[in-house]
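Student: Chains as they are written, first to last, in the working numbering: chain A, 3 to 323; chain B, 3 to 323; chain C, 3 to 323; chain D, 3 to 323.
Beta carbons are placed, not taken as given, at the ideal position from N, Cα and C, and that holds for glycine.
All values derive from a computational prediction rather than experimental measurement.
Number of protein chains: 4
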Amino acid sequence: MAAIVAANVGDAVAYGADRWTREMEDAFREAFGEQATAYAMFNGSGANVVGLGLMLRAFDGVICAASAHINGHEAGAAERVLGTKLLTVETDDGKLRPEHVLGQLEALGNEHHSQPRVVSISQVTECGTLYTADEVAALGEVAHAHGLYLHMDGARLANAAAEAGSSLRALTTDAGVDVLSFGGTKNGALAAEALVILRPELDPAALFLRKQGMQLASKMRFVAAQLTALLQNDLWHRNAVHANAMAHRLADGIAGVWPLRYPVQSNAVFPILTEKALTELQTRQLFSIWHRPTSVIRLVTSFDTTPDDVDTLITDLLSLR
Amino acid sequence: MAAIVAANVGDAVAYGADRWTREMEDAFREAFGEQATAYAMFNGSGANVVGLGLMLRAFDGVICAASAHINGHEAGAAERVLGTKLLTVETDDGKLRPEHVLGQLEALGNEHHSQPRVVSISQVTECGTLYTADEVAALGEVAHAHGLYLHMDGARLANAAAEAGSSLRALTTDAGVDVLSFGGTKNGALAAEALVILRPELDPAALFLRKQGMQLASKMRFVAAQLTALLQNDLWHRNAVHANAMAHRLADGIAGVWPLRYPVQSNAVFPILTEKALTELQTRQLFSIWHRPTSVIRLVTSFDTTPDDVDTLITDLLSLR
Amino acid sequence: MAAIVAANVGDAVAYGADRWTREMEDAFREAFGEQATAYAMFNGSGANVVGLGLMLRAFDGVICAASAHINGHEAGAAERVLGTKLLTVETDDGKLRPEHVLGQLEALGNEHHSQPRVVSISQVTECGTLYTADEVAALGEVAHAHGLYLHMDGARLANAAAEAGSSLRALTTDAGVDVLSFGGTKNGALAAEALVILRPELDPAALFLRKQGMQLASKMRFVAAQLTALLQNDLWHRNAVHANAMAHRLADGIAGVWPLRYPVQSNAVFPILTEKALTELQTRQLFSIWHRPTSVIRLVTSFDTTPDDVDTLITDLLSLR
Amino acid sequence: MAAIVAANVGDAVAYGADRWTREMEDAFREAFGEQATAYAMFNGSGANVVGLGLMLRAFDGVICAASAHINGHEAGAAERVLGTKLLTVETDDGKLRPEHVLGQLEALGNEHHSQPRVVSISQVTECGTLYTADEVAALGEVAHAHGLYLHMDGARLANAAAEAGSSLRALTTDAGVDVLSFGGTKNGALAAEALVILRPELDPAALFLRKQGMQLASKMRFVAAQLTALLQNDLWHRNAVHANAMAHRLADGIAGVWPLRYPVQSNAVFPILTEKALTELQTRQLFSIWHRPTSVIRLVTSFDTTPDDVDTLITDLLSLR
């Protein structure tokens, strides 16, 4: 917020030819390496669609977990805007593995099938689970070995890096990611995500696809400034460390009472309640149901969740046992 | 073929305003009921895409089996041309069941998800399995109860009706199907499929979507004549009965030696070989592999398969044991 | 800006279920009438694409001036995202007239052609010219008489209303506009536009198309608050009156020296320079060239343009004579 | 027709792996040069859409005459299936000229605009006018000089070559055409067009786009055989020479009575009638109106038009004076 207010001085050239956007680009190069180019976007769906679009020909598909945000929570934007087919794989924990990718490659070269072109993973996954740098690298290797690209939906990359205790770069550039959606909004920004291109040959189409994808801000400095603020002085890290800590506090607080559907590896907790407890909790709290038949709910902490918030929720949850 | 040659007399008005097309339309009305309107198409993908397009809004999806032809064998045409998301369900035998449909309906009304709008089934399925009239009706009921439509990819509807000993109408119109792709090519035509609309309110868009979908034949009489020939004098039935009989002859011939992956309910047989037998057979015959890890192959008989063709194949298969 | 900062208090439910969004919706109802529903968007292309999408079937086209922003300045977003054809009409001054619409209607009912479905006008036009309420109403009448809708790209509707001395409603709801893009960004917002639906039957698809069009802000209060601020206390009007006044000041200052390509009816001035003057001016100022062969440039004033800014530019322009 | 019947012997591998398709491919290589690859399609819209798709990225547009078939007579298929924008140019006679192309190139590199990528011309044009080999070559040069491709919609290329007294190759390969739609249906086939790729680097995507574009015939031999028959023994040439001769006979027969809108350069004649004559003729003949306000009608002759057909029409037309 402070960054936005600070950017509100005088006039600036529209559409990104301003110094705030230059600063943002520098900040991403510093964080992800010299070859990184970054483009401010309004939201995560926009970053994902534009980023995938850089890699796809008209007859290409995207291998992803069935639980991926691009598959289940973007209202079919990928199909509508890109005309692509998502080649979904059922997973237990939201994590794609090399064998999942290999299982889709029989279609290569067969005109009757969408051609696998991109492997897309979410870091952290929609289940809150984390890919280690080695796991990302293994996916990058299998993708590249078969002429595919590796895309990361990093709406919560910050949480992943904070949890793994690694740099942003170690989980992306160094692990073979070609195109990244870098999440800002879930990490404290008002509305700011970035498309980060780590393979320069994919860069030239980005300006055109961003504009066509309705993600070009005329007053771009206000979007760019948010991203710069997150990257500078490790604000992204502090925010993510805090959010993750709150999730662990929550998990610890209900341990032994409510089992968890997935391990806590970021800022999300998935308690398995009973149907009765779930119904009762709905009268007290607003939360999202992950899987109703098994009474799994999804609780997500954020940069501004307080220990008190968590403790109140713990008390509620414990009282339902 | 005879029908095409017979249609090659004199001039005719282009784009379907000719007597051959009128005859075809009459033939479909006779077979499917008074409300049926029929549109000649070049191939099955065309009929499916145009037919689905009649029912879909920009944010709608199609519930179908993961094995459906529209999902796995049309090169992403539905996603590219319609921009739709296929909401796929894993099935054991290619058959969608009411509980599969119900499992997808939680998305209704939630803007984050593609909206289920159509239930699409293949009759017979890609596994060669058959929906009974009652099973189709049950799907129609659940679809209609929730404001969805029922679409049938009937590329091999003739085989289904022949096997079930029922009329075309009993498996479609009378069972609640709203839009049908009627297959001609697999049943003896050179290149002719029909989109058959059984719910009149969906009809007005058909001419426009067919043209836009690049399925409008300028010399339509040659396509229409093929379809009329199949429907008249029960040629469709004779062809399908024969093809099915050849499949059963094949299945009977290898019974006790090679188990089958799916029951034979039409003109397809799916023997489970060994890896060694599969490899050996490839040196003798051209066939398609259904699932390589389990050595399942797919053998399809047709209107012109002879008992000798089948017996030769049986001999080959038996020799591989 | 103040509004954004004010909205940054405490937590709010995501995706628009918050009190800032409710206030915005109320503000639009007050300005445009009881039936108006409003949806916050990130930018004008987003509002246009989503708004047009409400009205278009897969085989429909949009009648618009060739100079329209949706045709020339949105990088083909309408074709890509909506798959629609823009049925463009050459105009002298950017203004569509009833006879232009009538000239496109021969295609109605002919399957070989995209079907005209929407008349889209820009208020003010890309040439800075203004439609009177009567002119809008005349277009609405011809559109509605033939089953078409009337869409207004109102990126600068505020400037139009300020210039016409009329209310927002008089130029839209009361003149038969069905769907409106209401511009905030050019009128002082950081990044906020609104899709305003004036024909309730078109409303149900809006949430879905906004999400699919990648225009759904998770922290919507920050977008909504900007729009509310513009609508409350007539801020939109003050900003637009000022911008228009600056344009007139500029036009007056160069009168008699540089002729204008279009009359000044809002916040844009289009001087016809000489090639030499244009080249010389490029060394001193950053501006956009409207039509190079005739040396027409485009100068746009804004809510924060000062009289001094204008006078400096006048001095520059006069010195080039 | 004879070719189709001849192809109806025994079984053949589906989807083009048959000897009839091989023969067709050879025939196209012989006619268009060694680098030519050819793909059978069902109709001209299919060939155009698939062919353009080979060259277009998601943000690209196609420069064409406003009168082009792809713009005005394919129901928006290019926009729907390819998501492309057609960058139309008004012409007097349907012929695009290098200056038209140059006038569209200002958009190159500007993210706000669709990027010109293909120049598409119709040979002969929808006005029946002919591009000379030199004119085609001039367009090819300007296109290639700016990184664009040259596409030819050759639905009536045969008529053009016959009229010009040149080979098919002289008007295409040798003149710089990169991708060609070769028309068969208007030249005597039942339903057969070919996509001919003259620039090998564009070839790899063809199989995939044809399948996705719903133009893949399973029993391809019947389509291929038609094309081979046209190319062998110069049948294409005899048919086209005859059709053109009939058009000239018609034009000569009404010379001095009814002026022509365009010169006769192929198989189309565009007499300028009076409104009264047009109305009267409608009671006697079925024909298409080209431009109602000026009473221009469009008369097209074909491979099977007889001199008697023409003379009857001449008599009718002369009687209307």
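Output needed for I274/A: all residues of its chain with C-beta closer than 8 Å, excluding positions within five of it in sequence on either side, in chain order.
Tutor: Within the same chain, I274/A has close Cβ partners W260, P261, L262, R263, T296, S297, V298.
Student: Whether or not the segment 215–227 of chain B and the segment 271–291 of chain B are in contact is what I'm after, with contact meaning three or more pairs of Cβ atoms, one per stretch, closer than 8 Å; do they touch?
Tutor: The segment 271–291 of chain B, when compared against the segment 215–227 of chain B, does not touch it at the 8 Å Cβ threshold.
Student: Would you say E27/D reaches chain A, if we count a Cβ-Cβ gap shorter than 7 Å as a contact?
Tutor: No - not a single Cβ of chain A is within 7 Å of the one on E27/D.
Student: At a CB distance below 7 Å, what residues from the segment 111–142 of chain D approach chain A? Give them in sequence order.
Tutor: Here the close residues are E113, H114, Q117.
Student: Taking 7 Å as the threshold (beta carbon to beta carbon), is F34/A in contact with chain D?
Tutor: No, no contact with chain D.
Student: Could you tell me how far apart the beta carbons of V179/C and I199/C are, in whole angstroms, since I believe they sit closer than 8 Å?
Tutor: Incorrect: roughly 10 Å between the Cβ atoms, too far for contact.
Student: Please list, in chain order, the chain A residues whose beta carbon lies closer than 7 Å to that of R59/D.
Tutor: By Cβ distance, chain A contributes A207.
Student: Whose CA, out of L209/A, A160/A, A219/A, lies closest to the CA of A245/A?
Tutor: A245/A has its Cα closest to that of A160/A, out of L209/A, A160/A, A219/A.
Student: Just the Cα atoms here: how many angstroms apart are A77/D and A247/B?
Tutor: The straight-line gap from Cα to Cα measures roughly 44 Å.
Student: State yes or no: is the beta carbon of R82/C nearer than 7 Å to at least one beta carbon in chain F?
Tutor: The question asks about chain F, but that chain is absent: this structure's protein chains are A, B, C and D.
Student: Per DSSP, which one or two residues make a beta bridge with F184/B?
Tutor: DSSP lists G156/B, A196/B as partners of F184/B.
Student: Quick check on the burial criterion: 16 or more other C-beta atoms within 10 angstroms. Buried or exposed for L56/D?
Tutor: It counts as buried.
Student: Spell out the partners DSSP gives T276/A in its beta bridges.
Tutor: BP columns for T276/A are empty, so no partner.
Student: What residues match up with G63/C in a beta bridge as DSSP calls it?
Tutor: Answer is K87/C, P118/C, bridged to G63/C.
Student: What distance in whole Å lies between the Cβ atoms of L150/C and P118/C, which are believed to be in contact at a cut-off of 8 Å?
Tutor: Confirmed, about 6 Å.
Student: Whose C-alpha, out of I256/C, L89/C, F289/C, is nearest the C-alpha of L107/C?
Tutor: Ranking the options by Cα distance to L107/C, first place goes to L89/C.
Student: In whole angstroms, give me the CA-to-CA distance for P202/D and N235/D.
Tutor: So the two alpha carbons sit approximately 27 Å from each other.
Student: Can you check which of these residues, E32/B, I316/B, S290/B, L218/B, is closest to A249/B by C-alpha distance?
Tutor: It is I316/B.
Student: Please work out which residues of its chain come closer than 6 Å, Cβ to Cβ, to S337/B, disregarding the five sequence neighbours upstream and downstream, and give them in chain order.
Tutor: Residue 337/B falls outside the range modelled here, since chain B spans only 3 to 323, and no answer is possible.
Student: Beta-carbon within less than 6 Å of T307/B's beta-carbon, same chain only, minus the 5 sequence neighbours each way: which residues are those?
Tutor: If we look at T307/B and ignore the five residues flanking it on each side, its Cβ neighbours are M248.
Student: Is the segment 31–45 of chain C touching the segment 59–78 of chain C in the sense that three or more CB pairs, one from each, lie closer than 8 Å?
Tutor: Touching, no.
Student: With a threshold of 7 Å between beta-carbons, can A278/D be considered close to chain C, or not?
Tutor: The residue you asked about is not Ala; residue 278/D is Lys in the sequence shown. It does not; no Cβ of chain C falls within 7 Å.
Student: Against G255/C, what residues of chain A qualify as contacts under a CB-to-CB distance less than 8 Å, listed in chain order?
Tutor: Within chain A, no residue comes near G255/C; the closest Cβ sits about 20 Å away, beyond 8 Å.
Student: May I ask you to report which of helix, strand or coil DSSP gives V298/A?
Tutor: Of the three classes helix, strand and coil, the one that applies to V298/A here is strand, per DSSP.
Student: Are the beta-carbon atoms of A253/D and V271/D separated by less than 7 Å?
Tutor: Yes, the pair counts as a contact, with Cβ atoms nearer than the cut-off.
Student: Out of R212/B, T134/B, E92/B, L320/B, which one is the CA nearest neighbour of D176/B?
Tutor: D176/B has its Cα closest to that of T134/B, out of R212/B, T134/B, E92/B, L320/B.
Student: Who are the Cβ neighbours of D325/B in its own chain at under 7 Å, not counting the five residues just before and after it?
Tutor: Outside the displayed span of chain B (3 to 323) sits residue 325/B, for which this structure offers no information.
Student: Can you tell me which residues form a DSSP beta bridge with L262/C?
Tutor: According to DSSP, L262/C bridges with P273/C.
Student: Mind pulling the chain C residues with CB within less than 9 Å of K221/A?
Tutor: T187, A191, L192, A193, listed in chain order.
Student: Taking 8 Å as the threshold, find out whether the segment 92–110 of chain A comes into contact with the segment 120–127 of chain A through three or more Cβ pairs.
Tutor: Counting Cβ pairs under 8 Å, three or more are found: they touch.
Student: Can you give me the start and stop residues for the alpha helix (DSSP H) that A8/A sits inside?
Tutor: Looking at the DSSP string, the run of the alpha helix (DSSP H) that includes A8/A is 4–9.
Student: Given a limit of 7 Å on CB to CB distance, which residues of the segment 47–74 of chain C reach chain B?
Tutor: Taking 7 Å as the Cβ-Cβ cut-off against chain B, the residues of the segment 47–74 of chain C that qualify are G55, R59, A60, F61.
Student: Along the segment 86–104 of chain A, where does the CB come closer than 9 Å to a CB of chain B? Name the residues.
Tutor: The residues in question are T86, K87, L88, T90, E92.
Student: Residue range of the alpha helix (DSSP H) that A14/C falls in?
Tutor: Here A14/C belongs to no alpha helix (DSSP H), and DSSP marks it neither H nor E.
Student: Please list the terminal residues of the continuous alpha helix (DSSP H) segment that includes M248/D.
Tutor: Its alpha helix (DSSP H) spans residues 237–256.
Student: Grab me the residues of V144/B's own chain with a C-beta within less than 7 Å of its C-beta, minus the 5 sequence neighbours each way, in chain order.
Tutor: Same-chain partners within the cutoff: P100, V103, L104.
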